[in-house]
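Using the numbering used here, read the sequence shown as starting at 88 and increasing by one per residue.
Heads up, the beta-carbon is just placed ideally off N, CA and C, and yes, glycines get one too.
Below is one structure; the comments refer to it alone.
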Amino acid sequence: MSQTPVPQARQLARLGDDAALLHAPQHPDCTLRSRLESFVHDCFADTYGANVRQFMPELLGLCQQGTLQAGVGIRGGASGPLFLEHYLDQPVCDAIRQHTDLPVNREQVVEVGNLAALAPGAGRLLIIALTHYLATSGYTWVVFTGTPMLLNSFQRLTLSPIDLGPADPVRLGEARLEWGSYYATRPRVMAGYIPEGFNQLQRRGLFERMRYQPDYLQTGLEIAHDCA
């Protein structure tokens, strides 16, 4: 019997000469996936004393000269309940509609989580790259739970997500105990209109300035070797 091949990590984009945006599929034998999970876990443990054990279906990593600098996870809204819906009194689409009066369906929504970076600058680079990727992936709204430090990164990029309310740890029950001091930062549930964010970054010339070269707009994607 032939064995099912292990899904390969993929390079999604190049950033300049020495950095890349990589994609790790959800598979236990994907080396990059394991490295990204460990990276996210260790960053949250170092910063908050948290023990993060749940990860998004798709993980992306920002790699520079063979070293992971930042990581993030994404989950499509159509795949099922989102983690941050624990904090909301209604489905995320209804929450967005309540604040914007715009029609929203789950296929348009993507949740971002597991965001970790070695430095704020690496986090901002990942936000820029992720905005481009999501804008070309058919999503209209991005939702996430943001600490003041993360929201400051959005402000520095002149991005203005919508505040949907507090991320109350009581909603998680006993699971909140694994998050260390994370909730002491008083994180908020946020939503961003992706086309507006993409246009804002493009107007500022940030994609060009960082020499962002997406591979996902081409026919095929390269197998990633840098951080795998």
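Starting from residue i, trace the alpha helix (DSSP H) in both directions and tell me its first and last residue.
i	result
Glu283	Ile281 to Arg290
Gly252	From DSSP, Gly252 is part of no alpha helix (DSSP H) but of the beta strand (DSSP E) over Ile249 to Pro253.
Tyr269	Per DSSP, Tyr269 belongs to no alpha helix (DSSP H) and is neither H nor E.
Leu217	Pro207 to Ala222
Leu119	Thr118 to Tyr135
Arg101	It is not in any alpha helix (DSSP H) - Arg101 instead sits in the beta strand (DSSP E) that spans Arg97 to Leu102.
For the beta strand (DSSP E) holding residue i, just list the boundary residues, first then last.
i	result
Phe231	Trp228 to Gly233
Leu246	No beta strand (DSSP E) holds Leu246; DSSP gives it neither H nor E.
Cys180	Note, Cys180: premise wrong, no beta strand (DSSP E); alpha helix (DSSP H) at Val179 to Thr187.
Leu293	Looking at the DSSP string, Leu293 is not in any beta strand (DSSP E); the run it does join, the alpha helix (DSSP H), is Leu293 to Arg296.
State the beta-bridge partners of residue i as determined by DSSP.
i	result
Glu198	Arg162 and Val230
Val276	Thr232 and Gly252
Ala262	None; Ala262 has no bridge partner.
Gly148	Leu109 and Gly158
Pro115	Partner(s): none; Pro115 has no beta bridge.
Gln300	Arg101
Beta-carbon within less than 6 Å of residue i's beta-carbon, same chain only, minus the 5 sequence neighbours each way: which residues are those?
i	result
Tyr303	Leu99
Gly284	Thr218 and Leu246
Leu175	Ala182
Give every residue of the same chain whose Cβ lies closer than 7 Å to the Cβ of residue i, excluding the five residues on either side of it in the sequence, and list them in chain order.
i	result
Pro235	Thr272
Met143	Gly160, Ile161, Arg162, Gly200 and Asn201
Pro248	Phe241, Met277, Ala278 and Gly279
Asp105	Gln151 and Gln152
Ala209	Leu149, Gln156 and Ala157
Gly267	Tyr135, Gly136 and Ala137
Asn286	none
Leu213	Leu149, Ala157, Val159 and Ala204
For residue i, collect the residues of the same chain with a Cβ closer than 8 Å to its Cβ; drop the 5 residues on either side in sequence, then sort them by chain order.
i	result
Ala275	What sits at residue 275 in the sequence shown is Arg, not Ala. Here the set comprises Thr232, Gly233, Leu238, Asp250, Leu251, Gly252, Pro253 and Ala254.
Phe294	Ile215, His219 and Leu288
Val257	Arg263
Give the straight-line distance between the Cα atoms of residue i and residue j, rounded to the nearest whole angstrom.
i	j	result
Tyr135	Gln113	25 Å
Gly167	Gly153	34 Å
Arg184	Pro190	6 Å
Leu205	Cys130	7 Å
Gly103	Ile215	13 Å
Arg120	Ala203	14 Å
Gln141	Thr245	30 Å
Leu221	Asp133	29 Å
Leu171	His219	23 Å
His110	Thr118	11 Å
Val127	Val139	8 Å
Arg298	Thr187	33 Å
Leu146	Pro301	17 Å
Arg97	Leu123	13 Å
Query raised in the report: Is it a yes or a no for the stretch 220-229 touching the stretch 253-268, going by three-plus beta-carbon pairs under 8 Å?
Result: With a cut-off of 8 Å, the stretch 253-268 and the stretch 220-229 do not count as touching, because too few Cβ pairs lie within range.
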